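Since the structure comes first, as structure tokens, the remarks are kept for the end.
Number of protein chains: 6
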Amino acid sequence: MGKVVTFGEIMLRLEPLGYYRFLQSDQYQALYGGGEANVAVSLANFGVDVDYVTKLPAHEIGQGAVNSLRRFGVGTEKIVRGGDRVGIYYLEKGAAQRASKVIYDRSNSAAALAKAEEFDWEAIFDGAEWFHFTGITPALGGELPLICEEACKIAKKKGLKVSCDLNYRKKLWSRDQAKETMTKLAGYIDVCIANEEDAKDVFGISAPATDIEGGKLNHEGYKAVAEQLAGTYGFDMVAITLRTSLSASDNIWAAMLYDGSRHYFSKSYPVHIVDRVGGGDSFGAGLIYSFLNGKETQDTLEFAVAASCLKHTVEGDFNMVSIEEVRKLAEGDGSGRVQR
Amino acid sequence: MGKVVTFGEIMLRLEPLGYYRFLQSDQYQALYGGGEANVAVSLANFGVDVDYVTKLPAHEIGQGAVNSLRRFGVGTEKIVRGGDRVGIYYLEKGAAQRASKVIYDRSNSAAALAKAEEFDWEAIFDGAEWFHFTGITPALGGELPLICEEACKIAKKKGLKVSCDLNYRKKLWSRDQAKETMTKLAGYIDVCIANEEDAKDVFGISAPATDIEGGKLNHEGYKAVAEQLAGTYGFDMVAITLRTSLSASDNIWAAMLYDGSRHYFSKSYPVHIVDRVGGGDSFGAGLIYSFLNGKETQDTLEFAVAASCLKHTVEGDFNMVSIEEVRKLAEGDGSGRVQR
Amino acid sequence: MGKVVTFGEIMLRLEPLGYYRFLQSDQYQALYGGGEANVAVSLANFGVDVDYVTKLPAHEIGQGAVNSLRRFGVGTEKIVRGGDRVGIYYLEKGAAQRASKVIYDRSNSAAALAKAEEFDWEAIFDGAEWFHFTGITPALGGELPLICEEACKIAKKKGLKVSCDLNYRKKLWSRDQAKETMTKLAGYIDVCIANEEDAKDVFGISAPATDIEGGKLNHEGYKAVAEQLAGTYGFDMVAITLRTSLSASDNIWAAMLYDGSRHYFSKSYPVHIVDRVGGGDSFGAGLIYSFLNGKETQDTLEFAVAASCLKHTVEGDFNMVSIEEVRKLAEGDGSGRVQR
Amino acid sequence: MGKVVTFGEIMLRLEPLGYYRFLQSDQYQALYGGGEANVAVSLANFGVDVDYVTKLPAHEIGQGAVNSLRRFGVGTEKIVRGGDRVGIYYLEKGAAQRASKVIYDRSNSAAALAKAEEFDWEAIFDGAEWFHFTGITPALGGELPLICEEACKIAKKKGLKVSCDLNYRKKLWSRDQAKETMTKLAGYIDVCIANEEDAKDVFGISAPATDIEGGKLNHEGYKAVAEQLAGTYGFDMVAITLRTSLSASDNIWAAMLYDGSRHYFSKSYPVHIVDRVGGGDSFGAGLIYSFLNGKETQDTLEFAVAASCLKHTVEGDFNMVSIEEVRKLAEGDGSGRVQR
Amino acid sequence: MGKVVTFGEIMLRLEPLGYYRFLQSDQYQALYGGGEANVAVSLANFGVDVDYVTKLPAHEIGQGAVNSLRRFGVGTEKIVRGGDRVGIYYLEKGAAQRASKVIYDRSNSAAALAKAEEFDWEAIFDGAEWFHFTGITPALGGELPLICEEACKIAKKKGLKVSCDLNYRKKLWSRDQAKETMTKLAGYIDVCIANEEDAKDVFGISAPATDIEGGKLNHEGYKAVAEQLAGTYGFDMVAITLRTSLSASDNIWAAMLYDGSRHYFSKSYPVHIVDRVGGGDSFGAGLIYSFLNGKETQDTLEFAVAASCLKHTVEGDFNMVSIEEVRKLAEGDGSGRVQR
Amino acid sequence: MGKVVTFGEIMLRLEPLGYYRFLQSDQYQALYGGGEANVAVSLANFGVDVDYVTKLPAHEIGQGAVNSLRRFGVGTEKIVRGGDRVGIYYLEKGAAQRASKVIYDRSNSAAALAKAEEFDWEAIFDGAEWFHFTGITPALGGELPLICEEACKIAKKKGLKVSCDLNYRKKLWSRDQAKETMTKLAGYIDVCIANEEDAKDVFGISAPATDIEGGKLNHEGYKAVAEQLAGTYGFDMVAITLRTSLSASDNIWAAMLYDGSRHYFSKSYPVHIVDRVGGGDSFGAGLIYSFLNGKETQDTLEFAVAASCLKHTVEGDFNMVSIEEVRKLAEGDGSGRVQR
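Chains as they are written, first to last, in our numbering: chain A, 1 to 340; chain B, 1001 to 1340; chain C, 2001 to 2340; chain D, 3001 to 3340; chain E, 4001 to 4340; chain F, 5001 to 5340.
Okay, here's the thing in structure tokens:
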């Protein structure tokens, strides 16, 4: 089995302890996270050989990001070092009717200012089998759309599978910008991952009669969305995560997968949330792991959903769960009995 | 819009971390809180100009109380400084079937020993539009009943609206004492706020066939209570908070408001509790904010209930929420989706 | 009322803070716990005179275990001091679908290597009325089965009641070893306590058609199990705790008690879990307390179940609750209203 | 060797973490301490059988004080339970030129309001050999001077040695009050312990030409003070601790002992301070331990000074050191080499 | 006495706990600080009426900065709200031979991108008597040099005294840039404050034969520097802080003041460091306080040096000391004896 | 430059926070450390390619040890996984006259029970240039002496330099056992590292007239020791660290190096201690780094001493310092001035 490469921005995540609000706290938990880094750690925790690519400053805050990855076995040798700052996101954990809150301070990070010539994709993809990125990376602007395109081109040339999680972020770019750029990149993408809103935000494709705020999801609608995505952009696979937000503490979590001919729906999990950040990323990592291991489609989907269900019980961006734990849940044991 | 003035006692709140019981912990979270202070901070968080009046020692523990208020924008210039001690309440957070526990150590505090001549109400109410206090303040004894009466008198003379949250505390005074004193003060009060039990404890007015311990509430009964309160004591408005205690972790929260002619009932919220102390105070603050801003009665009630629903998700006595957060919930979005 | 003596191993319990996984944490909560020590502390919290017997090293880690007991009033004078190490268990708290995880590092502890001649049971049982141990103690191997037998023999000789919680631990011994040893000890035991699986694991007696993983329990089956246990081994009383694991965060908790003629079933409590370790031990302590105080059988059971229901809301192995708190719940008030 | 009994008030000690000032901190370390309790714990740590007598409320804050003592092996059976509050002292740790700061909130504590009839000194002193108290106890006022006198009378009657640490606290009583009361008690005292200022504050006996603020001590002067104390009040032994305050972080620590005929001076230790509260109490405990064990006078003094030197390196009021550690230092090894 | 106004940038200060290095820590203390904000808080702690002016984002991280100031009584009404980010500095505390380390992430902060038209200096200086800023503020670039010049102009026009701490930061601008800008501003400055290196870095004026790295200071040289500064730029007063760095843990601290005719040298303090950040700012605040209160020149200097000596014992950027504490030290009592 | 390989045992290090004693603390800092692991991390921090070899259990506590190494860039691919337990050492930090205390619980660890056939030294040393181990490794007993010998043999065969830090631990083996085993291994060792006592404990070679407890060191004596060591056992280089223990808080630190012909003495550093564990290991790492980089002998020694001087200011076993920081100190700048 070949290596996986993921590319994006890893940020410093600053978070008041427990359920304190920003204005009540003078201590922050200081972890690191970011879509593609989260996928990389999750894969490493499944025993996959994975390299994470980004640009990070040489100073200790940048080094902290590197160490947060290699601690869990992610390859960091391809990370370009330089620039001045590590992007930051402040996170306040919600509870019940009070939503979690994110304040971004990521402009002008080393990653956002990275230059195309700093990445030797031919070398980076040496020995690799899969390339993953998210829509956040081109949304960073500067040369990033160009770098993503170049990475995709060389990935395809070298025979890698390419997956992308659309991950629309309205604070980073407009829907028009997203559509223009992502349309260019879509042709290289084999596996497209999205949540309930991404398809509409990025490609203007929406599930009829879905009421996200109200927490209701419409399965038939998502089948149509998946078909349109696959039909229009030529994705081999389209995966859509289906989150019903009952409150900041309780969600229902499921997903569907469309393989060009059939729609698969996963089991649905009630999730009592410890930390939901990185939920989608852990789903992506579950998918990639399963595809790499040649699982059946329904099993692939169930593994990915079980993995990401467990993510909601883990603090931090990274999904710290093992294959065995995911399998146990996917096979039906969510009883949480003490493992002695 | 004029200023709000609140008057009462602010205490040091000492609380074991997390869910530790008193006897397991050798570290305390040290925050400050008290009914009228909680209302003041909540109003300041809504952008209202508010002064808090009390008496506090000049030493650092007293200064800590002052700083806890001015940090959030509450005016503290009218606080009388002097005396020896800050009242304390020890709080142990309950969970599920285990109730939260409060141990008071508030006797002989600077506030409880305050003298009438220390407060120049004419000056304090200068530029003010609203005066709020709770039944706890006269219950402190000493000259406090007298001081409250004097404050009310001058408030009315200067045209302020007066609100009072009955807040009966059986450790501070008997029902007879409460009735005698509160009956004297009732004539000055425009808006009376109570919880399910206060009307009975203070004025002997009870909702027929209500079974508080069993967690059942009787809407018709509360309508009768509100009418009797308004009828007997001449309140313009009577607001009653309706808490159904399923367990220390889960409550249902709602309220009713009677304006002398109609009864309004709010939406009912299931609350998964982070910290329920100050729930009633945050409701009072929501009411006052809405009245000051001339909202419709039903909207007034819904704002107050939504504000206090959110309080249950916030650590500490103070309700750290913004107008926007309250509005979003009052308008129906309690989905808790991450705000990025 | 005479003294209770409990005998077993107390371990250092090392646990990441909050919901952190082992690999995310570089700080451990360091508490102490172990089946019989948990029973002892629980009894001491009910005001019972209780001695705990074990062997612990003379160094500070051993002394820490002693202090953790005498802090709550357990008699520690009979503890043998010597040996090199305190057994350890690492505990990772689960949430929702993610199970709690225990890693044992208890081999070669001072307790496991204790010698029969180090315990003078005649003296230890002086003035005692009840002796309690669990199946974990003989499972430690070495001379422990022998020591347990000797303790039981002398206990019976001196007229003590003997209770034993089967507590099968598959990492400590095989089912065959357990059956052989426990069969020898069974003759001395008056009160046998077990959970849903112990009877099967230890004595090969199973409730027909019970599906533990699926969380379903079969009351009729357990009646049969209790009868067989009592019939085969001559126990006066058989108590079985009935846990339905909905998830690591939510269980349903109940128990049954068979007195040789009738089966009693307790109320059933939904438990939202703070810490479920020691749940069974707190049930045992509730039983012993009630038996010592001559309660009616149904009341005995209800007290024990209410006590252990509350344990799930308390951090650590030890059940830190008072008789009053247990009674209040047993009598039906689980509303969790703040106790001021 | 008989038992030691100490009598006084134990308080809740609330202290910001690390070197934070009161106004910077919203978390307090919550320990317990008080002159005579500190002596009791220190003696228990030396293996001495010791009972601590006081009055404490029945609630959890009072129970916490009890547990803090029995955790370390102090006998707490003679503690009277009742009253409402545990006295508090707030402690802010100083550093370098910034002094440590103490704010007392101890008025009206259960101990301060204790009644003479609540203490059965005949029973308390049963089997005891030594009685220790400090000048703080009568300074609490109310019936405490009377209770101390009664305790002393019965102690002498039953043949106990009586020691008293003068411990003048200007916030508790005036010099005149102190002199009047302590003069009455002096006749019962065998061993009088004082620091550099107490003799002057309490009895008006001063060392000529001592400049405490400047940190200079005058050995000849103290010899004179000791002689006067012994001469005037008939003490068998007078011990004076000699502290040179270079800064809040660094002191020089020594003591002298006068046995009615000779003056003994101890070695002098530079102490780099972790926590200096309880320094004098740990000295008293060292003296008592040595007297009980019949040590030579110089050895007695050196043991007491070495014990209290080590106290300065231990957090909290209690001196957590062993006989072996004290001996090692008294014999000259203060090299602090790692003990493996 | 009129108001003081200070103007500059306040940053979020992120610092590993205790002595942990950046790469060892996943928790940060999150305080706020910045030269002029530090001066403002110090003055507020001395009871001075002081306004702090800057630009801060409207979000919670910006609000946190505002709250950190008003908590201690600094006026924040003149702060412009807007922009996206709060500048950050990461601080790692040194010890002994290991130096403290600062990593700046302050580019593009709301303050650095502030526009001249956002500040109405006429209104800001209403009722003010003194204006203080540091060389860091114009060094932020953009319109800041211009804004500083305008502020100075209007300050002088309205009769305020103007003080400036040169505070050269080589990461913000070159020596040439500094000289050009500061030369323009010098004409408005009455009181110039500098450390041992600033005069050389900013104005190219150096003390002959000073060896900073070696920790030696040359008093005669500094007299010459002060005279040149005053002579060339027309300052009424020149104050120079004199720090001898023995190690990251121990410094010697003193200062000189030149009033155009005489040089005053302060006492010299050995400082055992808790936190040395903000040492210079606390000196500046001490000077301003003394000038405003019309103290003698030597007393002014001694007050400022004692205040800043104490700052080294206080965690955080802000000097949390009272006038009484400073006076006590300035008058010679640095013994650190416990204040009860 | 080739790779370095180190081999030994890494333990879980459990330590009360701050200066709390074991019996006062219910929270432990949980780090990892061990002689050869410490050397490996230190080398990785200097940018050296280094592999650490040991045996660790597959469970999370074992994985935690692996992660603690790869986080800082140490190669962990050669670590054998298996066995049941990770060795533990409990560490209590001393202060002033109170010594640090270590309690070992390392028997029967996976490393101590490792088997010779589990290590393929030919493969492990592939591409390596240097092999380092300490006397602790053979002292673990079992097959470890044999494994060390085999490792040394193959290392020499493949042309690696071999260094060994004698590191005598009296709790692991007797002096006789140490001498017998280490004499066998000595023939393979090129660079022998020892502290002031090791030569005597292991080989019976002592410096005449050295008084370790008193803190005095005898330079002439150590020259003689080094010569004897080199002469008797054929070491190319002998390095001796020279620690003068003034107290647990303050040491003087220096070293000597003997190259067979000349003795080199380093500068002597007063060290104010944050954490002295791993001081010797950081010296060894400094030596190896310098030898690998072909430094002059005096420079080699100064680098190693400066590196280990800095270690004393760093929490944990690992020396978290960079080449630049070491060089700066070795070149004479220990002023600790803030690095901005």
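The beta carbon of each residue, even a glycine, is placed where N, CA and C say it ideally should be.
Computed from a predicted model, the values in this text were never measured in an experiment.
On the DSSP bridge list, what partners appear for residue i?
| i | result |
| --- | --- |
| Lys3055 of chain D | D:Val3080 |
| Cys3192 of chain D | D:Cys3164 and D:Val3238 |
Exposed or buried, residue i, counting other C-beta atoms within 10 Å across all chains shown (16 or more means buried)?
| i | result |
| --- | --- |
| Gly3214 of chain D | Legend: pLDDT at Gly3214 of chain D = 48, less than 50; position of this residue unreliable, value from coordinates given subsequently. It is exposed - the Cβ of Gly3214 of chain D has fewer than 16 other Cβ atoms within 10 Å. |
| Met1001 of chain B | exposed |
| Gly1332 of chain B | exposed |
| Thr4054 of chain E | buried |
| Asp5198 of chain F | buried |
| Thr3244 of chain D | buried |
| Val1326 of chain B | buried |
| Arg262 of chain A | exposed |
| Leu5329 of chain F | buried |
| Gly334 of chain A | buried |
Please tell me whether residue i and residue j are closer than 9 Å, where the distance is taken between their beta carbons.
| i | j | result |
| --- | --- | --- |
| Ala1194 of chain B | Tyr1233 of chain B | no |
| Ser5042 of chain F | Val5321 of chain F | yes |
| Gly4075 of chain E | Asp4049 of chain E | yes |
| Leu3166 of chain D | Gly3142 of chain D | no |
| Ile1252 of chain B | Phe1046 of chain B | no |
Closest by CA to residue i, which one among the options?
| i | options | result |
| --- | --- | --- |
| Gln2027 of chain C | C:Val2039, C:Ala2037, C:Asn2038 and C:Arg2013 | C:Arg2013 |
| Lys2093 of chain C | C:Asp2049, C:Tyr2020 and C:Leu2043 | C:Tyr2020 |
| Pro1138 of chain B | B:Leu1310, B:Trp1130 and B:Arg1175 | B:Arg1175 |
| Leu1160 of chain B | B:Val1202, B:Gln1339 and B:Ile1124 | B:Ile1124 |
| Gly4284 of chain E | E:Asn4319, E:Phe4072 and E:Gly4260 | E:Asn4319 |
| Ala5307 of chain F | F:Tyr5269, F:Leu5023, F:Asn5293 and F:Lys5223 | F:Tyr5269 |
| Arg2340 of chain C | B:Ala1099, B:Ile1079, B:Ile1240 and B:Glu1117 | B:Ala1099 |
Taking 8 Å as the cut-off, is the CB of residue i close to at least one heavy atom of the ligand FMN?
| i | result |
| --- | --- |
| Asn5319 of chain F | Summarising the ligand content, the structure contains no ligands, and the ligand FMN is consequently not present. |
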